[in-house]
Amino acid sequence: MTPAGDEWIVGRDREMTLLARLVDELAAGGSESLVVTGGPGAGKSVLLDATARTARRAGVRVLRCRGSEGESELAFAGLHQLLRPVLDLSDGLPPRQRTALLGVFGLDDGTEPASDPMLTALGALTLLSDAAERGPVLMVVDDAHWMDLGTLDVLAFVARRLEGEPVTLVLAARDTDVPPQFAREIRQLTVEPLDQASAALLLDHQPQPPSGRARSHVLEQAAGVPLALVELARAVGRDPANAEGGTLPLTDRLEAIFAADLPELPKETRRLLLLAAAAESAELAVILSAAGDTAAPDDWLPAERAGLVRIDDDRIRFRHPLIRSAVYQAAGYAERRTAHRALADVLVADPDRRAWHHAAAVSGVDEEAARGLEDSAARAQRRGGYAAAATALERAARLSPDPAVRARRLVRAATMAMYAGHPRWVGEISARVATITDDPALLAEAALRAGWALAVTTQFAGSLGFLLPVAEAAVGTNPVLALDALSTAATPAYNSGAPEHREKILALVERVPPQEDEAGRMWALAACDPARHRRRALDLLADVRSDPQPPTASGTDLPLSRLVVSGGAAWVLDETAEAVRLLGAALEHLRRSPTAGANATVAQALALALYESGAWAECRGALDEAYRTAAEAGLENVAVGSPLLRATLLALRGETEAARTAVQRAVHGIDLPHCRSLQVRAHYALGAAALADGDHTAAYDRFRAVYTQEPEPSPLHYHASDYYLADLAAAAVRTGRTEDARSVLDAARRRLARGEMSPRLDAIVHRAAALLAEPDDAERHFEQALADPAGDQWPFERAQVRLDYAEWLRRRRRAVAARPLLGAALHVFERLGAHPWTERARAELRAAGVTPGTKPRTSFDALAELTAQQVQIARLAAAGLTNREIGERIFLSPRTVGFHLYRIFPKLGITSRGQLRDALADLPE
């Protein structure tokens with residue numbers, strides 16, 4: 000039993016110790032977020048209350064909010080509740096952050112455009128950081144499963160960026176309904192049912208502890224749930240017969256117990272309780288106004304004495320949310336409607352809450368109530384509350400008497416949910432449109448939304464099942480829509496790798512007449528068959544190169560979409576430098592956009608291009624951004640793909656165990672055979688780890704797995720597999736499996752001959768051919784692999800060719816010719832931090848008669864010691880940006896930026912900000 004202020008908490012010593020340690024670390028300047036999970040009545044709220052008291056005694060400022068079912072549709076209601084005590088500090092925020100943050104609370108002048116969700120979240124983070132300058136801050140969030148989505152997205156954003164801040168988040172949610180934003184990464188504490196001894200002790204501490212058979216019955220039915228133990232003990236105390244009878248589901252039983260007090264209360268008290276339950280508002284004045292002249296403050300006394308509610312400072316709180324549910328469910332349908340109507344009548348100054356209560360008060364469909372919710376959705380959208388807008392539009396659709404209007408509102412709801420970054424929700428809403436309308440335009444738009452929703456997860460076949468019929472139906476009547484659908488479909492088709500989808504897309508593309516904007520055609524051709532359609536796609540890509548920057552004042556997404564698809568096409572076509580330029584410009588544009596959550600796919604594509612171009616440090620930065628956004632928005636494809644690329648970087652740097660662990664975690668629960676692009680990348684990461692360890696047998700097995708075992712081996716993925724031909728050949732030579740590898744290479748060359756290879760792929764094929772060739776033929780292939788100067792775009796791959804060629808030369812006693820190749824390869828491997836390849840090159844140099852000196856510490860070594868985020872911060876600080884400006888750029892608080900700089904200086908061997916430019920002078924841009 001653990002003391003907590005004036006209470007004793009039974010059976011929670013482990014939990015209280017952990018939470019007390021969290022508070023101690025916070026008081027000392029540390030920071031760690033924690034999610035407390037458990038079933039209803041497990042005592043999560045009691046633990047949070049105790050933690051808040053402990054924090055206050057330690058001099059920590061506590062900010063609190065609690066989710067509620069009734070306010071879950073109101074955009075940023077929880078965030079306003081949490082930050083209200085510190086909103087006076089908002090005057091110190093940068094103007095754009097202040098406008099965005101106050102705008103979502105409706106505290107601006109209403110003239111600004113829609114708030115940028117990223118700026119809103121950054122404003123909240125900066126506000127908390129500013130508050131923490133006066134002392135540590137503990138955020139306590141209860142009942143997060145009932146919190147509005149806008150608040151949850153901001154809290155998830157903040158929780159992932161608290162390093163270096165004396166700010167801690169403790170969030171509680173039901174174990175079956177943990178918000179997906181907090182389901183991964185953040186540490187969790189599960190509150191289990193009490194053991195038998197603790198449950199018995201808790202019963203003993205009740206005012207009327209049951210005994211005998213009643214005690215055994217209570218212990219059995221409560222199953223260790225503290226709230227059930229307390230309430231069942233009260234029920235038995237009122238009437239011992241309550242301990243007899245059948246067993247009900249726990250929640251139903253508890254709600255029945257709570258409602259058992261209601262018939263004994265005066266009628267006016269029950270009416271007030273119903274208004275409070277319907278309002279889910281702590282504002283006593285609102286409830287009394289809705290009750291009218293017949294209600295008096297004393298009417299609350301019976302409910303207070305019964306322990307149902309507590310009133311402090313003109314605010315009313317139910318002792319537990321289940322009590323509110325019991326009160327609401329115990330009332331009849333007509334009584335509930337009357338309560339909502341009364342609340343709507345008094346909430347004239349709060350149009351959003353008024354709209355929801357009006358909707359709850361109507362019976363059946365009601366266009367006036369639907370329009371009220373639609374107006375509420377428009378207000379939420381202007382504030383950047385896309386999730387709240389989607390919820391309001393969903394409810395408005397249900398109230399709409401006209402099926403056509405209902406369908407239109409559902410399509411808009413799906414669009415808002417897409418902007419909010421919740422793909423599964425988009426899919427659910429879009430699926431309902433088809434059941435209520437036969438309007439081709441609405442059905443097509445709903446199918447596009449549904450296709451997008453599945454495309455960003457890993458349900459690629461389902462996505463294509465929506466998109467391809469839309470494209471086929473629109474080819475002859477609406478070519479713009481058809482090309483839009485085909486361009487969207489090309490992405491899941493690429494990720495899936497299944498040939499039947501790609502062939503259908505390409506056939507439909509040929510039927511679409513030329514359009515003013517051909518970017519969609521370019522992406523479909525490049526993504527579905529980059530070898531066969533390379534020349535056509537490159538010609539189309541050339542058309543967009545002349546105007547790569549999106550105009551900032553047009554307000555249209557067309558230039559941005561052109562940047563994204565052009566950058567993606569450039570990457571697939573191995574125009575890597577162009578891909579970095581285009582995707583980088585697109586990502587900068589997305590960071591300024593109100594739909595910034597959509598940047599995960601672009602950030603991952605940019606990371607792939609940066610990796611291939613040898614900018615591995617910058618690649619890690621883009622991966623961080625991609626993964627954070629994907630994890631927060633539920634974009635499963637990126638949430639898996641980004642860790643796989645990170646695992647590849649770990650493997651190439653020699654951190655092989657970490658690489659294998661990263662792959663295992665990334666693909667857990669993923670159906671890889673239906674996600675061939677991810678499957679191939681997983682095989683490569685594990686194969687690279689095996690190569691780094693010198694386990695060539697395991698490496699060969701992994702590289703061989705990206706091709707089928709047929710007599711004419713086919714690639715597992717039509718595009719990704721062939722880039723690992725040379726690694727397959729290198730492992731084959733060291734394991735005696737050259738004949739098998741030759742069969743794969745020969746089949747690949749025959750297949751690739753039907754199209755046009757990029758200079759990169761051509762070099763890879765020649766490297767593989769050289770490694771597997773007869774001695775007299777190998778040198779020709781090595782020279783061809785190095786012949787094209789364009790190969791310098793892919794430094795790691797070119798360095799591998801030089802290393803292999805040099806080894807071949809040295810074995811033929813041509814050490815003098817091998818030395819410059821080894822020197823050039825070593826320089827690249829050292830710059831990239833590819834330690835296993837560095838050691839191999841150094842060993843070859845020694846065998847070639849050169850003793851490589853101890854490599855002096857360079858700025859590249861210092862860079863390797865910095866995290867990707869620290870590299871970003873160092874570069875921006877070297878460019879003269881202040882901590883606050885850096886924070887706005889990369890979505891961190893100024894204090895966290897300062898924390899990272901404090902760590903960066905000793906790693907770079909400097910002592911001041913002014914030395915950063917010189918310390919980073921030799922690094923590549």
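For the sequence shown, numbering that gives the first Met the number 0 assigns the number 0 to the initial residue and increments by one for each residue that follows.
Beta carbons are placed, not taken as given, at the ideal position from N, Cα and C, and that holds for glycine.
- Please list the segments of the beta strand (DSSP E) lying wholly inside the segment 571-624, counting only runs of 3 or more residues, in order along the chain. The segment 571-624 is shown to contain no whole beta strand (DSSP E) run of 3 or more residues.
- Message: Quick check: the Cα distance between Glu925 and Ser399, rounded to an integer number of angstroms?
- Response: This structure cannot settle anything about residue 925, because the visible part of the chain is limited to 0 through 924.
- Query: Going by C-alpha distance, which of Val410, Leu771, Val190 and Ala430 is nearest Arg13?
  - Reply: Val190
- Task: Compute the Euclidean distance between the alpha carbons of Ala629 and Ala638, then round it to the nearest angstrom.
- Result: 5 Å
- Message: I'd like to know whether the C-beta atoms of Ala54 and Val22 end up nearer to each other than 8 Å.
- Response: yes
- Item | Span of the alpha helix (DSSP H), counted from its first residue to its last, around Leu785 | Judged by DSSP secondary structure, Leu785 falls within the alpha helix (DSSP H) whose first and last residues are Pro774 to Ala786.
- Item | Cut-off 8 Å between Cβ atoms - residues of its own chain near Ala492, not counting five sequence neighbours on either side | Phe459, Leu463, His500, Arg501, Ile504, Ala526 and Cys527
- Query: Are the CB atoms of Ala413 and Val404 nearer to each other than 8 Å?
  - Reply: The answer is no: Cβ separation not under 8 Å.
- Query: What residue range is occupied by the uninterrupted beta strand (DSSP E) comprising Ala172?
  - Reply: Val166 to Arg173
- Message: Give me the DSSP bridge partner(s) of Cys527.
- Response: Per DSSP, none; premise fails for Cys527.
- Task: Run the CB neighbour count on Ser720, radius 10 Å, all protein chains shown included, and call it buried at 16 or more, exposed below.
- Result: buried
- Message: By DSSP's criteria, Gln187 is part of a beta bridge. Which residues make up the other side?
- Response: Val34
- Query: Nearest CA to the CA of Leu915: which residue from Val896, Ala873 and Arg902?
  - Reply: Ala873
- Query: Any idea what DSSP makes of Ile315, helix, strand or coil?
  - Reply: strand
- Whole runs of the beta strand (DSSP E) within the segment 715-762, excluding any shorter than 3 residues: none
- Message: Helix, strand or coil for Trp7? Go by DSSP, reduced to three states.
- Response: strand
- Looking at C-alpha atoms only, which residue of Pro788, Ala333 and Arg370 is the closest neighbour of Pro925? Look at the range of the chain in this structure, 0 to 924, and you will see that residue 925 is not part of it.
- Task: Measure from the alpha carbon of Thr575 to the alpha carbon of each residue in Asp176, Pro93, Arg759 and Arg269, then state which is nearest.
- Result: Arg759
- Look up Glu14 in the DSSP assignment and say whether it is helix, strand or coil. DSSP, reduced to helix, strand and coil, places Glu14 within a helical segment of the structure shown.
- Message: Quick check: what's the CA-CA separation for Pro550 versus Ala569?
- Response: Residue placement at Pro550 cannot be trusted, given a pLDDT of 42 that sits under 50; the coordinates are not used to answer.
- CA nearest to the CA of Glu635, picked from Pro422, Thr293, Leu724 and Tyr327: Pro422
- Name, in chain order, the residues that DSSP records as bridge partners for Ile310. Ile315
- Message: Between the alpha carbons of Thr952 and Tyr901, how many angstroms are there, rounded?
- Response: Outside the displayed range of the chain (0 to 924) lies residue 952, so it cannot be described from this structure.
- Query: Thinking C-beta only, is Leu154 closer than 8 Å to Leu168?
  - Reply: yes
- Task: Look at the Cβ atom of His695, then the Cβ atom of Arg733, and state whether they are nearer than 8 Å.
- Result: yes
- Which residues in the same chain as Ala814 place their Cβ atom closer than 6 Å to its Cβ, once the five residues preceding and following it in sequence are excluded? Scanning its chain for C-beta atoms nearer than 6 Å, with the 5 sequence neighbours on each side dropped, one finds around Ala814 the residues Ala847 and Gly848, in chain order.
- Message: The alpha helix (DSSP H) that contains Leu62, what's its start and end?
- Response: From DSSP, Leu62 is part of no alpha helix (DSSP H) but of the beta strand (DSSP E) over Arg60 to Arg65.
- Query: Counting along the chain, where does the alpha helix (DSSP H) carrying Val139 start and finish?
  - Reply: Where Val139 is concerned, there is no enclosing alpha helix (DSSP H), although the beta strand (DSSP E) it sits in stretches over Val136 to Asp141.
- Message: Nearest by alpha-carbon distance to Gln663: which of Arg561, Cys674, Glu654 and Leu643 is it?
- Response: Closest by C-alpha distance to Gln663, out of Arg561, Cys674, Glu654 and Leu643, is Leu643.
- Query: Among Arg183, Ser362 and Arg675, which residue has its Cα nearest to the Cα of Glu334?
  - Reply: Ser362
- Message: Given this structure, state the Cα-to-Cα distance separating Ala484 from Ala445, to the nearest angstrom.
- Response: 12 Å
- Residue span of the alpha helix (DSSP H) that contains Gly122, given as start and end: Pro116 to Ala131
- Message: Tell me which residues share the same chain as Cys64 and place their Cβ nearer than 7 Å to its Cβ, disregarding the 5 neighbours each side in the sequence.
- Response: Cβ within range, chain order: Gly77, Gln80, Leu81 and Val140.
- Measure from the alpha carbon of Gly66 to the alpha carbon of each residue in Ser911, Leu118 and Asp147, then state which is nearest. Minimum Cα distance to Gly66 is reached at Asp147.
- At which residues does the alpha helix (DSSP H) containing Arg652 begin and terminate? Per DSSP, Arg652 belongs to no alpha helix (DSSP H) and is neither H nor E.
- Message: So, with DSSP's three-state summary, where would you put Glu517?
- Response: coil
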